[in-house]
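Position 228 of the sequence shown, counting from 1, maps to 260 under this note's numbering, and the rest follow consecutively. The beta carbon of each residue, even a glycine, is placed where N, CA and C say it ideally should be. A quick write-up on the structure given underneath.
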Amino acid sequence: MSRIYIEKILRARVYDVASESPLEPAVRLSARMGNRIMLKREDAQQVFSFKLRGAYNKIFSLPEEQRSVGVVAASAGNHAQGVALAGQRLGVHTTIVMPVTTPAIKVETVRRLGGKAVLHGDSYDDAFEHAMTLVKQRGLAFIHPFDDPDVIAGQGTVGMEILRQHADPIDAIFVPVGGGGLIAGVAAYVKHIRPETRIIGVEPQDAPTLERALAAGRRVVLPRVGLFADGVAVRQIGKETFRVARKTVDEVILVSTDEICAAIKDVFDDTRSVAEPAGALAIAGIKKYVAREGCKDQKLIGILSGANVNFDRLRHIAERAEVGEQREALFAVQIPEKPGSFLAFCRALGKRSITEFNYRYSDKQEAQVFCGVELRKGADEPEDLKRSLADTAFDIVVL
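Have a look at this one:
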């Protein structure tokens, strides 16, 4: 299997449109974590994502007669832009079916790149079904976002570049996982050339498609997935990507939304670039791995896979980053509406600095308080705070 993909990756035609992205040291994060951490900057591609690699390689591989008919894709994100740009460069007509909820900036980007954006349905599944209808009606070739050998090979060039750019031994490469195209391609190449290098997938806790599949030994369909890291919000790992990944991926690490936000801040601190939530997954995974293993002086590489983040999400990301770094705790409690209750609440907080406070009258019996406090004592402090509040018999709604 690996040899077949090695040949496909080496032959992949991606550099007509993609560039060899930089492999840069994360100086601040490395110093803080006590390991040599490097970032593979796929956010530096023309469409700010690795997705154009697989899209271009797939469209290029199509017979000329199929190219003349055109291609179709279903996507609300980076794959849509990759397909549109690939079609523009190859002179192939592209139709991108997108949910009607897709942000206007992404629709406009597809059109600017020469693609025909068709808005249909409220979800990816609706868009996918309509794309399949167009395949049948017009004979268009469907460009899958991940579950296709040519797409996997295109994404695998990221792994090829990493080994070319870093000739010394690498302890682990951390790869974000959605449908599995990137990790399948990277793992197939790296494990064939350097089998001692660990390949670690990173997924959101609320979208563990690969983690659940590996645990079950088969592909599973998640009943629902979180949408914060929308670039990896996939309910089922691909059939071909799972076939490859189950033989080449060493483990999968799950990270929370707050940990993703903290990783976005880490990326900004080192690069002055703003990663999208899915793009920062690998960095969040590195931090969790180092904390779990207690390792020092290892060479760890994270694939920074994209930077297509909506501007209006940045405030939320900045606020949650402090929680992800365990420098702030946000919680809501219900306190009795009687004299002395608020004083007892303040005493439970101790000498911690208050970062946010909101008091809301509920009824004659109780009031609702939303509060943020600064944390200074490490990972155990949130639980200490929770116990302090519980000792006062306050009803903790969120912590």
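With 16 other CB atoms within 10 Å as the buried threshold, where does residue 274 fall?
Looking up residue 274 in the sequence shown gives position 242. Counting C-beta atoms within 10 angstroms of its own C-beta, residue 274 has 16 or more neighbours from the protein chains shown and is therefore classed as buried.
How about residue 88 and residue 46: do their beta carbons lie closer than 8 Å?
Taking the first residue of the sequence shown as position 1, residue 88 is located at position 56. Taking the first residue of the sequence shown as position 1, residue 46 is located at position 14. Result yes, Cβ atoms of residue 88 and residue 46 sit closer than 8 Å.
Can the beta-carbon of residue 277 be found closer than 8 Å to that of residue 212?
Here residue 277 is taken as the residue at index 245 of the sequence shown, counted from 1. Here residue 212 is taken as the residue at index 180 of the sequence shown, counted from 1. Yes, these two residues count as a Cβ contact at 8 Å.
Name the two residues that bound the continuous alpha helix (DSSP H) containing residue 160.
On the sequence shown, position 128 is the one that residue 160 refers to. Looking at the DSSP string, the run of the alpha helix (DSSP H) that includes residue 160 is 156-170.
Since residue 114 and residue 84 are thought to touch, with beta carbons under 8 Å apart, how far apart are those beta carbons, to the nearest angstrom?
Locating residue 114 in the sequence shown gives position 82, where the first residue counts as 1. Locating residue 84 in the sequence shown gives position 52, where the first residue counts as 1. Approximately 4 Å separates the beta-carbon atoms of residue 114 and residue 84; this is inside 8 Å, confirming the contact.
Going by DSSP in three states, residue 37 sits in which element: helix, strand or coil?
Position 5 of the sequence shown, counting from 1, holds the residue named residue 37. Helix, per DSSP.
Measuring CB to CB, does residue 338 end up less than 8 Å from residue 310?
Counting from one through the sequence shown, the residue named residue 338 turns up at place 306. Counting from one through the sequence shown, the residue named residue 310 turns up at place 278. In this structure, residue 310 lies closer than 8 Å to residue 338 by Cβ.
What does the Cβ neighbour count give for residue 293, buried or exposed, with the cut at 16 atoms within 10 Å?
As a position in the sequence shown, residue 293 is number 261, starting the count at 1. Counting the other Cβ atoms within 10 Å of the Cβ of residue 293 gives 16 or more, which makes it buried.
Within 8 Å, strictly: CB atoms of residue 258 and residue 178
Translated into the one-based positions of the sequence shown, residue 258 becomes position 226. Translated into the one-based positions of the sequence shown, residue 178 becomes position 146. Cβ atoms of residue 258 and residue 178: not closer than 8 Å.
Residue nearest to residue 167 in terms of C-alpha spacing, selected from 204, 98, 186 and 180:
Residue 167 sits at position 135 when you count from the first residue of the sequence shown. Relative to residue 167, the option among 204, 98, 186 and 180 whose CA is nearest is 98.
Bridge partners of residue 173, per DSSP?
As a working mapping, residue 173 is identified with position 141 in the sequence shown. The partner list for residue 173 (beta bridge, DSSP) reads 103.
Considering only DSSP beta bridges, list what residue 404 is partnered with.
If you number the sequence shown from 1, residue 404 lands on position 372. Residue 404 pairs with 362 and 388.
For residue 291 versus residue 320, is the C-beta spacing smaller than 8 Å?
As a first step, residue 291 must be located in the sequence shown, where it is residue number 259. As a first step, residue 320 must be located in the sequence shown, where it is residue number 288. Their beta carbons are under 8 Å apart, which means residue 291 touches residue 320 by this criterion.
Can you confirm whether the stretch 72-86 touches the stretch 49-56 when touching is taken to mean that 3 or more C-beta pairs between the two stretches lie within less than 8 Å?
yes
Could you check the C-alpha separation between residue 404 and residue 389 for me, to the nearest Å?
Taking the first residue of the sequence shown as position 1, residue 404 is located at position 372. Taking the first residue of the sequence shown as position 1, residue 389 is located at position 357. Each residue's Cα considered, the two are about 6 Å apart.
Could you tell me which residues DSSP pairs with residue 81 in its beta bridges?
For the purposes of this step, residue 81 is taken as residue 49 along the sequence shown, with counting starting at 1. According to DSSP, residue 81 bridges with 338.
For the beta strand (DSSP E) that contains residue 209, what are its first and last residues?
One-based indexing of the sequence shown puts residue 209 at position 177. From DSSP, residue 209 is part of no beta strand (DSSP E); its letter is neither H nor E.
For the stretch 183-192 against the stretch 213-224, do three or more pairs of beta-carbon atoms, one drawn from each stretch, fall closer than 8 Å, so that the two count as touching?
Yes, the stretch 183-192 is in contact with the stretch 213-224.
Using C-beta distances below 8 Å, list every residue in its chain close to residue 152, excluding the 5 sequence neighbours before and after it, in chain order.
Residue 152 sits at position 120 when you count from the first residue of the sequence shown. 129, 130, 131, 132, 158, 159 and 162, listed in sequence order.
Span of the beta strand (DSSP E) around residue 233:
Taking the first residue of the sequence shown as 1, we reach residue 233 at position 201. Where residue 233 is concerned, the enclosing beta strand (DSSP E) stretches over 230-236.
Which one of 207, 255, 423 and 344 has the shortest CA to CA distance from residue 287?
Along the sequence shown, read from residue 1 onward, the residue named residue 287 stands at position 255. Nearest option by C-alpha distance: 207.
Can you say whether residue 233 is buried or exposed, counting buried as having 16 or more other CB atoms within 10 angstroms of its CB?
Working through the sequence shown from its first residue, we reach residue 233 at position 201. By the neighbour-count rule (16 or more Cβ atoms within 10 Å), residue 233 is buried.
Measure from the alpha carbon of residue 281 to the alpha carbon of each residue in 246, 295 and 69, then state which is nearest.
In the sequence shown, the residue the question calls residue 281 occupies position 249. Ranking the options by Cα distance to residue 281, first place goes to 246.
C-beta contact flag for residue 408 and residue 399 at 8 Å
As a position in the sequence shown, residue 408 is number 376, starting the count at 1. As a position in the sequence shown, residue 399 is number 367, starting the count at 1. Against a cut-off of 8 Å, the Cβ pair of residue 399 and residue 408 comes out as no contact.
In the DSSP output, which residue or residues are listed as bridge partners for residue 141?
Against the sequence shown, residue 141 aligns to sequence position 109. Paired residues: none, contrary to the question.
With a threshold of 7 Å (Cβ to nearest heavy atom), would residue 305 be considered close to the ligand PLP?
By its list of ligands, the structure shown contains no ligand whatsoever, and the ligand PLP lies outside what it can speak to.
Please report the distance separating the alpha-carbon of residue 197 from that of residue 344.
Here residue 197 refers to the residue found at position 165 when the sequence shown is read from its first residue. Here residue 344 refers to the residue found at position 312 when the sequence shown is read from its first residue. Roughly 35 Å separates the two Cα atoms.
Which first and last residues belong to the beta strand (DSSP E) in which residue 283 is found?
Translated into the one-based positions of the sequence shown, residue 283 becomes position 251. Where residue 283 is concerned, the enclosing beta strand (DSSP E) stretches over 283-287.
With 16 other Cβ atoms within 10 Å as the buried cut-off, status of residue 170:
Reading the sequence shown from its first residue, position 138 is the one you call residue 170. With fewer than 16 Cβ atoms within 10 Å of its Cβ, residue 170 is classed as exposed.
Helix, strand or coil: how does DSSP classify residue 184 here?
The sequence position of residue 184 within the sequence shown is 152, counting from 1. Note: residue 184 maps to helix in three-state DSSP.
Helix, strand or coil, according to DSSP, for residue 329 in the structure here?
Reading the sequence shown from its first residue, position 297 is the one you call residue 329. In the displayed model, residue 329 falls within coil according to three-state DSSP, outside both helix and strand.
Limits of the unbroken beta strand (DSSP E) element including residue 306
Residue numbering aside, residue 306 sits at position 274 when the sequence shown is read from its first letter. Run containing residue 306: none; DSSP gives neither H nor E here.
When the distance is taken between beta carbons, is residue 186 closer than 8 Å to residue 58?
Counting from one through the sequence shown, the residue named residue 58 turns up at place 26. Counting from one through the sequence shown, the residue named residue 186 turns up at place 154. Not closer than 8 Å, so no.
For residue 381, report the span of its alpha helix (DSSP H) as first-last.
Here residue 381 refers to the residue found at position 349 of the sequence shown. That run of the alpha helix (DSSP H) goes 373-381.
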